[in-house]
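All residue numbers for the sequence shown refer to the UniProt record's numbering, where the first residue is 1 and numbers rise by one. Ideal Cβ placement from N, Cα and C applies to all residues, glycine included.
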Amino acid sequence: MLNSAILIVIVAVVVFEIVEHVVLPLSFAIIQKRRRSPCGAEGLIGREGTVISWSSGSGRVFAEGERWKARGAASLAAGEKVAIRAVQGTVLEVAPLGDGRGPVTEP
């Protein structure tokens, strides 16, 4: 009786350790790999920014906590909200919100 109880405890501990150190980490790794990363240029597209300064179709925009160079419509004003449509290197292509191109969507 004592031998079978010890055997059950040993098997339970081994199974627990396998689940804890193998199955769970692999599950989390697979889930993370399937998620789309909101980082980098792809993460900016569709987000909203605020014009800091603008002149002749280019200027500076504040988006996601950083200041960016931007290009877009020639008639943007400081403080105006814009949608980020594309990223080319370190320059954002922006359009004013409500310009008929559809709503800004979260990636």
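Query, Result
"One or two residues paired with K33 in a DSSP bridge", "Answer is none; K33 lacks a bridge partner."
"For E42, the three-state DSSP class (helix, strand or coil)", "helix"
"Start-end ranges of the beta strand (DSSP E) lying completely within the UniProt domain \"NfeD-like C-terminal\" (41 to 96), minimum 3 residues", "48 to 55, 58 to 63, 66 to 72, 81 to 88 and 91 to 96"
"Within 8 Å, strictly: CB atoms of L44 and A70", "no"
"Nonlocal neighbours in the same chain, by C-beta distance under 8 Å from T50, ignoring five residues either side", "V61, F62, A63, G79, E80, K81 and V82"
"A5 versus A12: straight-line alpha-carbon distance, rounded", "11 Å"
"Buried versus exposed, by CB contacts within 10 Å (16 or more), L76", "buried"
"Limits of the alpha helix (DSSP H) - the one that V9 falls within", "L2 to I18"
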